[in-house]
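Asker: Structure below; questions to follow.
There are 2 protein chains.
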Amino acid sequence: MRYFLHLAYDGTQYHGWQIQPNTVTVQQELDRRLSQVLRQPVYCLGSGRTDSGVHASHQVAHFDAEVPESLDLPTLLYRLNRALPQDIRALAVHPVPAAAHARFDATARTYQYHVRLVPDPFAPAHTLYLDRAPDVEAMNEAAAFLVGEHDFTSFSKVKGSEKHYRCHCYEAGWHRVPGGLVFQIRANRFVRGMVRLVVGTLLDVGRGKLTPAQYGDVLRSLQRVHASGAAAAQGLFLCRVEYPAELVANVTLPVGLPYFAST
Amino acid sequence: MRYFLHLAYDGTQYHGWQIQPNTVTVQQELDRRLSQVLRQPVYCLGSGRTDSGVHASHQVAHFDAEVPESLDLPTLLYRLNRALPQDIRALAVHPVPAAAHARFDATARTYQYHVRLVPDPFAPAHTLYLDRAPDVEAMNEAAAFLVGEHDFTSFSKVKGSEKHYRCHCYEAGWHRVPGGLVFQIRANRFVRGMVRLVVGTLLDVGRGKLTPAQYGDVLRSLQRVHASGAAAAQGLFLCRVEYPAELVANVTLPVGLPYFAST
Numbered sequence: 031m032r033y034f035l036h037l038a039y040d041g042t043q044y045h046g047w048q049i050q051p052n053t054v055t056v057q058q059e060l061d062r063r064l065s066q067v068l069r070q071p072v073y074c075l076g077s078g079r080t081d082s083g084v085h086a087s088h089q090v091a092h093f094d095a096e097v098p099e100s101l102d103l104p105t106l107l108y109r110l111n112r113a114l115p116q117d118i119r120a121l122a123v124h125p126v127p128a129a130a131h132a133r134f135d136a137t138a139r140t141y142q143y144h145v146r147l148v149p150d151p152f153a154p155a156h157t158l159y160l161d162r163a164p165d166v167e168a169m170n171e172a173a174a175f176l177v178g179e180h181d182f183t184s185f186s187k188v189k190g191s192e193k194h195y196r197c198h199c200y201e202a203g204w205h206r207v208p209g210g211l212v213f214q215i216r217a218n219r220f221v222r223g224m225v226r227l228v229v230g231t232l233l234d235v236g237r238g239k240l241t242p243a244q245y246g247d248v249l250r251s252l253q254r255v256h257a258s259g260a261a262a263a264q265g266l267f268l269c270r271v272e273y274p275a276e277l278v279a280n281v282t283l284p285v286g287l288p289y290f291a292s293t
Numbered sequence: 031m032r033y034f035l036h037l038a039y040d041g042t043q044y045h046g047w048q049i050q051p052n053t054v055t056v057q058q059e060l061d062r063r064l065s066q067v068l069r070q071p072v073y074c075l076g077s078g079r080t081d082s083g084v085h086a087s088h089q090v091a092h093f094d095a096e097v098p099e100s101l102d103l104p105t106l107l108y109r110l111n112r113a114l115p116q117d118i119r120a121l122a123v124h125p126v127p128a129a130a131h132a133r134f135d136a137t138a139r140t141y142q143y144h145v146r147l148v149p150d151p152f153a154p155a156h157t158l159y160l161d162r163a164p165d166v167e168a169m170n171e172a173a174a175f176l177v178g179e180h181d182f183t184s185f186s187k188v189k190g191s192e193k194h195y196r197c198h199c200y201e202a203g204w205h206r207v208p209g210g211l212v213f214q215i216r217a218n219r220f221v222r223g224m225v226r227l228v229v230g231t232l233l234d235v236g237r238g239k240l241t242p243a244q245y246g247d248v249l250r251s252l253q254r255v256h257a258s259g260a261a262a263a264q265g266l267f268l269c270r271v272e273y274p275a276e277l278v279a280n281v282t283l284p285v286g287l288p289y290f291a292s293t
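Residue numbers (the working numbering), protein chains in the order written: chain A, 31 to 293; chain B, 31 to 293.
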């Protein structure tokens, strides 16, 4: 039987999502604990990778396993959370059709980037602290160029395994929150390193180093060298992965983790 | 010249506020860094102690120092924050009359206790996680007994240095926030361990182990044995210290750190 597992994690201590030799990754920790709890080898496949140090307030993975009839799913979830380290939490688990795929069936992903503008001793690992408030209006004028279908080569990390760099961006903008700012971006797909490059370059608009029009030029140039440096991983959250309604019909995600409903 | 220093700190790594031999405390770290930045021995006196592991989103201390004319106060604040570890942040510094006293002149203190009701990988060190939602209405019915002037012997940690156990409590109640609950209590003074015992016993009301009326009986009994265990330090924040307006006339505290304005 195939299952979807919904999770949240603090990425600070992990070398990203994807299993790699000689490092600790979220997927590796998850496979190990899930295999322990289910007493069979289990492998998770995620909706997408997150980079080293990047967080998720909502990530989805699928796995195949024989769950014994004696073990109901709320109990599985409870035991998995007891087995997992505190910085990875399982939010929900439910059966899906055998052909359902956490990566290929995802219709949209949403990321947030969190910026603090006041000295805050509580969240240094979950925000980027800025000494000076950036120009939010200019950043939002620039962010408007991202909406629609574009080739995001300028904001991609490496020419590598991607077949193409076209992404359809449904939403991109900065929101004021108490003590800081949150950038939220929603798209059908993201290429590697995209959000951190998009944000790093927007912050240069916020500092007056680039005009909003020049930001549009960077996007249209299709050349990575025109983008600014990537914003630090610590402020970035994967915060929603969407699927066709029939796959996640009865899933209720907890409120209170980072996420704004799209408007 | 005497100064008031407003701060916030994550108490996780500290054995409380007060200097003690052979441990690391907030006051000790602060004295050391302030002495470094001002190039003279400086000693801070806080509005009150916080226990080991307890946080502060607003704490106030006074110190006496000769600040050279060439060093303006925003620059002092900036340098102090560069010198301090990330988990202690200076929020504001300003001169006060020579007789002003961070402890004796404080007119009210406000504490918050943070409870999470959803699995959350991001704030394990800043909240108490509860598997089951407690009965908020019952807890608030019980908390209403706290408001007014009472002898809080039942909710004090040890018979020790306190001259008396009377505190005037102006406000005490639970608030629903996304993903959890926050208890906020404001009083002229607090005796040692009071908030954690008040909250620990309220949570027993929330679990149905005590009725609200029995909570009132615990308070009136003036006997510590009737209170429940103390709630874990990790959820507790000192979040506002109030002074007569003339002492803090021009101080603006950052928004976004834990605090509800009292209604």
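C-beta atoms are modelled at their ideal positions from N, C-alpha and C, and glycine is treated no differently. Computed from a prediction, not measured in an experiment: that's the story for all the values here.
#1: Tell me the DSSP secondary structure of residue 93 (chain B) in three-state form.
#2: Looking at the C-beta of residue 286 (chain B), does it have a partner C-beta in chain A at a distance below 7 Å?
#3: My assumption, with CB atoms under 8 Å, is that residue 218 (chain A) sits in contact with residue 194 (chain A). Please give the rounded CB distance.
#4: How many angstroms separate the CA atom of residue 293 (chain B) from the CA atom of residue 178 (chain B)?
#5: Apart from the five residues just before and just after residue 82 (chain B), which ones in its own chain have a Cβ nearer than 8 Å to its Cβ?
#6: Is DSSP giving residue 207 (chain B) helix, strand or coil here?
#7: Inspect the CB distances between the region 141 to 152 of chain A and the region 201 to 216 of chain A and report whether three or more fall short of 8 Å.
#8: Give every residue of the same chain whose Cβ lies closer than 7 Å to the Cβ of residue 63 (chain B), excluding the five residues on either side of it in the sequence, and list them in chain order.
#9: Buried or exposed, going by whether 16 or more other CB atoms sit within 10 Å of the CB of residue 275 (chain B)?
#10: Mind checking if residue 209 (chain A) is an interface residue toward chain B, Cβ cutoff 7 Å exclusive?
#11: To be precise: take each residue of the region 91 to 114 of chain A, compare its Cβ to all Cβ atoms of chain B, and keep it if any distance is under 7 Å. Which residues remain?
#12: Could you check the C-alpha separation between residue 187 (chain A) and residue 224 (chain A) for me, to the nearest Å?
#13: According to DSSP, residue 198 (chain A) sits in a beta bridge with which residue or residues?
#14: Counting only Cβ-Cβ distances shorter than 8 Å, please list the residues of the region 31 to 46 of chain A near chain B, keeping chain order.
#15: Can you tell me whether DSSP reads residue 267 (chain A) as helix, strand or coil?
#16: Residues bridged to residue 272 (chain B) by DSSP?
#17: What residues of chain A sit near residue 144 (chain B), judged by a beta carbon separation below 9 Å?
#18: Buried or exposed for residue 191 (chain B), going by 16 or more other Cβ atoms inside 10 Å?
#19: Does the Cβ-Cβ distance between residue 172 (chain A) and residue 226 (chain A) come in under 7 Å?
#20: What's the C-alpha gap between residue 39 (chain A) and residue 66 (chain A)?
#21: So residue 88 (chain B) and residue 271 (chain B) are supposed to be a Cβ contact under 8 Å. How far apart are they, rounded?
#22: Out of B:74, B:234, B:85, point me to the one whose CA is closest to residue 168 (chain B)'s CA.
#23: Counting only C-beta atoms, is residue 154 (chain B) closer than 7 Å to chain A at any point?
#24: Tell me which same chain residues have a C-beta within less than 6 Å of the C-beta of residue 140 (chain A), skipping the five on either side of it?
#25: In the region 117 to 134 of chain A, which residues sit with their C-beta less than 9 Å from some C-beta in chain B, listed in chain order?
Answerer: Answer, in terms of the structure:
#1: Here residue 93 (chain B) carries a strand assignment [DSSP, helix/strand/coil].
#2: yes
#3: Going by Cβ atoms, the distance from residue 218 (chain A) to residue 194 (chain A) rounds to 12 Å, so no, they are not a contact pair.
#4: Confidence in residue 293 (chain B) is poor, its pLDDT being 48 and thus under 50, which makes the residue's placement unreliable; the coordinate value appears in the next sentence. About 16 Å.
#5: If the five residues before and after residue 82 (chain B) are omitted, its C-beta is found closer than 8 Å to the C-beta atoms of 41, 44, 45, 46, 263, all from its own chain and listed in chain order.
#6: strand
#7: yes
#8: 110, 113, 114
#9: exposed
#10: yes
#11: Of all residues in the region 91 to 114 of chain A, 111 have a Cβ within less than 7 Å of some Cβ in chain B.
#12: CA-CA distance, residue 187 (chain A) to residue 224 (chain A), rounds to 7 Å.
#13: A:179
#14: 38, 39, 40
#15: strand
#16: B:138
#17: Going along chain A, no residue has its Cβ under 9 Å from residue 144 (chain B), so there is no contact; the nearest lies around 11 Å.
#18: exposed
#19: no
#20: Across the structure, residue 39 (chain A) and residue 66 (chain A) are spaced so that their CA atoms are roughly 19 Å apart.
#21: With 8 Å as the limit, residue 88 (chain B) and residue 271 (chain B) qualify as a contact, their Cβ atoms being about 6 Å apart.
#22: Nearest neighbour of residue 168 (chain B) by Cα position, chosen from B:74, B:234, B:85, turns out to be B:234.
#23: yes
#24: 216, 269, 270
#25: Here the close residues are 117, 118, 119, 120, 121.
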